[in-house]
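Chemist:
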Amino acid sequence: MKKPISIFTAVALSTALAFGSLSAQAAHPVAIQGQELPSLAPLLEEVSPAVVNISVAGTKVSRQSIPEPFRHFFGPDALAEGAKQPFRGLGSGVIIDAKKGYVITNYHVIHQADEIKVTLNNGKEYTAKKIGEDQQTDIALLQIEAKNLTAIKLANSDELRVGDFTIAIGNPFGLGQTVTSGIVSALGRSGLNIENYENFIQTDAAINSGNSGGALLNLRGELIGINTAILGPNGGNIGIGFAIPVNMVKNLSAQILEFGEVRRGLLGITGGELTPELAEAFGYDTQHGAFVNQVMADSAAEEAGLQAGDIIIKLNQQKIRSFNELRAKVATLGAGKEITLTLVRDGKEQDFKVTLQEAKDSNIAANSLHPALEGATLSSTDPKDKVQGVLISKVLPNSPAALAGLEEGDVIVGINRLRTKDMADLRKIIEDKPSVLALNIKRGNASLYRVIR
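Numbering (mature numbering (1 follows the signal peptide of the UniProt record, and there is no 0)) for the sequence shown: -26 to -1, 1 to 427.
Structure below.
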């Protein structure tokens, strides 16, 4: 059996080739000392069919406010506020379930799209159905009806280390499937104001416009993240790219499939990053962790026994680097999940079992479901509530939802004579985009109908 060529030999070879120190005959060798050259080609041949190109088309509502008397200064194409403007976009996606045709991509890739097309690397194109999405983590789940698909195996992103090799596959600039490589540059990146819940993998693998929703892999060909952002002038690659860890993706997609929405977990604390001064004052000898400033009354944290001044250093035995990382992981684990927090109190480590509550910010904007509902914010009612349905927690003034007669506090219990117990039911009913929605609403003790188009 031939011994694999070492990485040092490979680096030496590539360096020699780059500086022209090898002869012309040796410039294109197929082997060194009888050993085959290392290559990512066999791995890519297996996983590339699981990475898809996504093209979208739809209409956006213009938000520019140009008074009618002045619109002629801007030409015939100037849009009044509220006018609809067609758009097209490109991105990438990853097949995570071959039998059911589930595809993961970014929320921003398919947001407001009326038509979503998925193209496999063999050129076959399919119309995709949106199963669900989550704006605050930039994740969306699609489904296509196709046979003989290839899915990518999912890794455990909690096991990643800085320096691990990475491979990015996507559709940059609409050029078609493209592969780049690099390493994990950093973990637990946050504070970039890209999304609301940030816990990014940072990589120097080239990621450019159109790579969004594509795959970030390890050298076993396993998915470690979904590429979501690039940090560079004009959106260009400068060696700093970010991906959503696959463990977050698994939790979010599972919630979307089970409930039709993301039911965000809530711990019930406020806090901040651990500084060297705080660590020293509380008897802790490192700067990694999340400092607890306050424990909310009647929260999951209070029920579990957490206290202000605690330093949370692990979640389910995995190290916590910052408060933002803790916040993102708790939120994406989902309501009702039991977790184990390891914390430092009085200089000693202790473990606490915590059952997460449901965050109130798990509401979704209704226009992502149906344009006529724009302006309303929806969420499933609490299982303890007497009336089960879809709660309208907010209605913007003068919005389509307000003009249709919907009010804050209304509970949608039925649509078109079909029972609506939660967001999952609502999504199933309106995913075929019926032209008329007859909403059966509970408003206080009254029952009424609102018909919207």
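C-beta atoms are modelled at their ideal positions from N, C-alpha and C, and glycine is treated no differently.
Are Thr111 and Thr306 touching if we call contact CB-CB under 8 angstroms?
Modeler: Your numbering for residue 111 matches position 137 in the sequence shown. Your numbering for residue 306 matches position 332 in the sequence shown. Yes; because the gap between Cβ atoms is below 8 angstroms, this pair is in contact.
Chemist: How would you write the range of the alpha helix (DSSP H) that Arg401 sits in, first residue to last?
Modeler: Reading the sequence shown from its first residue, position 427 is the one you call residue 401. First-last of the alpha helix (DSSP H) with Arg401: Met397 to Ile404.
Chemist: Are the stretch 346 to 366 and the stretch 294 to 302 touching, with three or more C-beta to C-beta distances below 8 angstroms?
Modeler: In short, these stretches do not touch, since the Cβ pair count stays below three.
Chemist: How far does the alpha helix (DSSP H) with Lys303 in it extend, from its first residue to its last?
Modeler: Counting from 1 along the sequence shown, the entry for residue 303 is found at position 329. Phe297 to Leu307 is the extent of the alpha helix (DSSP H) around Lys303.
Chemist: Work out the CA separation of Ile218 and Gln117 for me, nearest whole Å.
Modeler: To locate residue 117, count along the sequence shown from 1; it is residue 143. To locate residue 218, count along the sequence shown from 1; it is residue 244. In a straight line, the C-alpha of Gln117 is about 20 angstroms away from that of Ile218.
Chemist: Could you give the residue range of the beta strand (DSSP E) that holds Pro374?
Modeler: Numbered from its first residue, the sequence shown carries residue 374 at position 400. First-last for Pro374: Pro374 to Leu377, but that is the alpha helix (DSSP H), not the beta strand (DSSP E).
Chemist: Under the assumption that Ile204 contacts Ile181 (Cβ atoms under 8 angstroms), give the Cβ distance between them as a whole number of angstroms.
Modeler: Counted from its first residue, the sequence shown places residue 204 at position 230. Counted from its first residue, the sequence shown places residue 181 at position 207. Between Ile181 and Ile204 the Cβ distance is about 5 angstroms, and since that is below 8 angstroms, they are a contact.
Chemist: Which residues in the same chain have their Cβ closer than 7 angstroms to the Cβ of Ala274, if we skip the five residues on either side of it in sequence?
Modeler: Residue 274 sits at position 300 when you count from the first residue of the sequence shown. Cβ within range, chain order: Leu240, Leu241, Gly242, Val328, Thr329, Leu330 and Gln331.
Chemist: Do Ile286 and Ala264 have their CB atoms nearer than 8 angstroms?
Modeler: The count along the sequence shown starts at 1 and reaches residue 286 at position 312. The count along the sequence shown starts at 1 and reaches residue 264 at position 290. Against a cut-off of 8 angstroms, the Cβ pair of Ala264 and Ile286 comes out as a contact.
Chemist: Hey, how far is the Cα of Arg427 from the Cα of Leu413?
Modeler: Residue 427 sits at position 453 when you count from the first residue of the sequence shown. Residue 413 sits at position 439 when you count from the first residue of the sequence shown. Taking the straight line joining both Cα atoms gives about 11 angstroms.
Chemist: Does the stretch 357 to 377 come close enough to the stretch 252 to 262 to have 3 or more Cβ pairs within less than 8 angstroms?
Modeler: Because the criterion of three Cβ pairs below 8 angstroms is not met, the stretch 357 to 377 and the stretch 252 to 262 do not touch.
Chemist: Measure the beta-carbon distance from Thr124 to Gly156 and round it to whole angstroms, keeping in mind my assumption that it falls under 8 angstroms.
Modeler: Working through the sequence shown from its first residue, we reach residue 124 at position 150. Working through the sequence shown from its first residue, we reach residue 156 at position 182. 24 angstroms between Cβ atoms; not a contact.
Chemist: Considering only residues of the stretch 84 to 135, which uninterrupted beta strand (DSSP E) runs meet the minimum length of 3 residues and lie entirely inside it, listed in chain order?
Modeler: List check, beta strand (DSSP E) in window: 87 to 93, 99 to 101, 103 to 108 and 113 to 117.
Chemist: Hey, which unbroken runs of the alpha helix (DSSP H) at 4 residues or more fall wholly within the stretch 211 to 281?
Modeler: 220 to 233, 250 to 255 and 274 to 278, all fully within the stretch 211 to 281.
Chemist: The beta strand (DSSP E) that contains Val385, what's its start and end?
Modeler: Numbered from its first residue, the sequence shown carries residue 385 at position 411. Element bounds for Val385: Val385 to Ile389.
Chemist: Could you please give the first and the last residue of the uninterrupted beta strand (DSSP E) stretch that includes Leu411?
Modeler: Here residue 411 corresponds to residue number 437 of the sequence shown, with the count starting at 1. Start and end: Leu411 to Arg417.
Chemist: Among residues of its own chain, excluding the 5 on either side of Lys103, which ones have a beta-carbon nearer than 6 angstroms to its beta-carbon?
Modeler: For the purposes of this step, residue 103 is taken as residue 129 along the sequence shown, with counting starting at 1. Contacts found: Gln117.
Chemist: For Pro408, list the residues DSSP reports as bridge partners.
Modeler: Numbered from its first residue, the sequence shown carries residue 408 at position 434. DSSP lists no partner for Pro408.
Chemist: So, is Pro146 buried or exposed, given that buried needs 16 or more other C-beta atoms within 10 angstroms?
Modeler: Residue numbering aside, residue 146 sits at position 172 when the sequence shown is read from its first letter. With 16 or more Cβ atoms within 10 Å of its Cβ, Pro146 is classed as buried.
Chemist: Which first and last residues belong to the beta strand (DSSP E) in which Leu190 is found?
Modeler: Mapped onto the sequence shown, residue 190 falls at position 216. From DSSP, the beta strand (DSSP E) with Leu190 extends over Ala189 to Leu191.
Chemist: On the DSSP letters alone, give me the boundaries of the beta strand (DSSP E) that Glu323 sits inside.
Modeler: For the purposes of this step, residue 323 is taken as residue 349 along the sequence shown, with counting starting at 1. Start and end: Lys322 to Thr329.
Chemist: Give the range of the beta strand (DSSP E) segment to which Val77 is assigned.
Modeler: Numbered from 1 along the sequence shown, position 103 holds the residue referred to as residue 77. Looking at the DSSP string, the run of the beta strand (DSSP E) that includes Val77 is Tyr76 to Thr79.
Chemist: Could you tell me if Asn80 is buried or exposed, where buried requires 16 or more neighbouring beta carbons within 10 angstroms of its beta carbon?
Modeler: Here residue 80 refers to the residue found at position 106 when the sequence shown is read from its first residue. So Asn80 counts as buried.
Chemist: So if DSSP puts Gln292 in a beta bridge, which residue, or which two residues, is it bridged to?
Modeler: Stepping through the sequence shown from its first residue, residue 292 is reached at position 318. BP columns for Gln292 point to Leu289.
Chemist: Around the C-beta of Ile360, are 16 or more other C-beta atoms found within 10 angstroms, so that it is buried, or is it exposed?
Modeler: Position 386 of the sequence shown, counted from the start, is the residue given in the question as residue 360. According to the sequence displayed, residue 360 carries Lys and not Ile. Exposed, since its Cβ has fewer than 16 Cβ neighbours within 10 Å.
Chemist: Let me know the secondary structure DSSP gives Glu196 once reduced to three states.
Modeler: Taking the sequence shown and counting its residues from 1, the one referred to as residue 196 is at position 222. Note: Glu196 maps to coil in three-state DSSP.
Chemist: Going along the chain, which residues of its own chain have a beta-carbon closer than 6 angstroms to the beta-carbon of Lys73, five neighbours each way excluded?
Modeler: Along the sequence shown, one-based indexing puts residue 73 at 99. Closer than 6 angstroms at the Cβ level, and outside the excluded window around Lys73, lies no residue.
Chemist: Just to confirm, are Thr140 and Leu191 a CB contact at a threshold of 8 angstroms?
Modeler: Taking the sequence shown and counting its residues from 1, one reaches residue 140 at position 166. Taking the sequence shown and counting its residues from 1, one reaches residue 191 at position 217. For Thr140 and Leu191, yes; Cβs fall inside 8 angstroms.
Chemist: Any idea if Pro23 is buried or exposed, counting beta-carbon neighbours within 10 angstroms, 16 or more meaning buried?
Modeler: The count along the sequence shown starts at 1 and reaches residue 23 at position 49. Flag for Pro23 reads buried.
Chemist: Which of helix, strand or coil does DSSP assign to Ala15?
Modeler: Looking up residue 15 in the sequence shown gives position 41. Ala15 falls in the helix class under three-state DSSP.
Chemist: Over what stretch of residues does the beta strand (DSSP E) that includes Leu352 continue unbroken?
Modeler: To locate residue 352, count along the sequence shown from 1; it is residue 378. Its beta strand (DSSP E) spans residues Ala350 to Ser354.
Chemist: Suppose the cutoff is 7 angstroms on Cβ atoms and the five residues either side in sequence are ignored; what does the same chain contact list for Pro408 look like?
Modeler: As a first step, residue 408 must be located in the sequence shown, where it is residue number 434. These residues qualify, in order along the chain: Asn390.
Chemist: Could you tell me the distance, in whole angstroms, from the CA atom of Lys311 to the CA atom of Leu115?
Modeler: If you number the sequence shown from 1, residue 311 lands on position 337. If you number the sequence shown from 1, residue 115 lands on position 141. Roughly 21 angstroms between the two C-alpha positions.
Chemist: By the three-class DSSP mapping on this structure, what secondary structure does Ser367 have?
Modeler: Counting from 1 along the sequence shown, the entry for residue 367 is found at position 393. Three-state result, Ser367: strand.
Chemist: Could you tell me the distance, in whole angstroms, from the CA atom of Gly383 to the CA atom of Pro371?
Modeler: As a first step, residue 383 is located in the sequence shown; it is residue number 409 there, counting from the start. As a first step, residue 371 is located in the sequence shown; it is residue number 397 there, counting from the start. Going by the C-alpha atoms only, they are around 15 angstroms apart.
Chemist: Leaving out five residues before and five after Gly215 in sequence, what residues of the same chain have Cβ atoms less than 6 angstroms from its Cβ?
Modeler: In the sequence shown, the residue the question calls residue 215 occupies position 241. Only Thr177, Ile181 and Ile204 meet the Cβ criterion.
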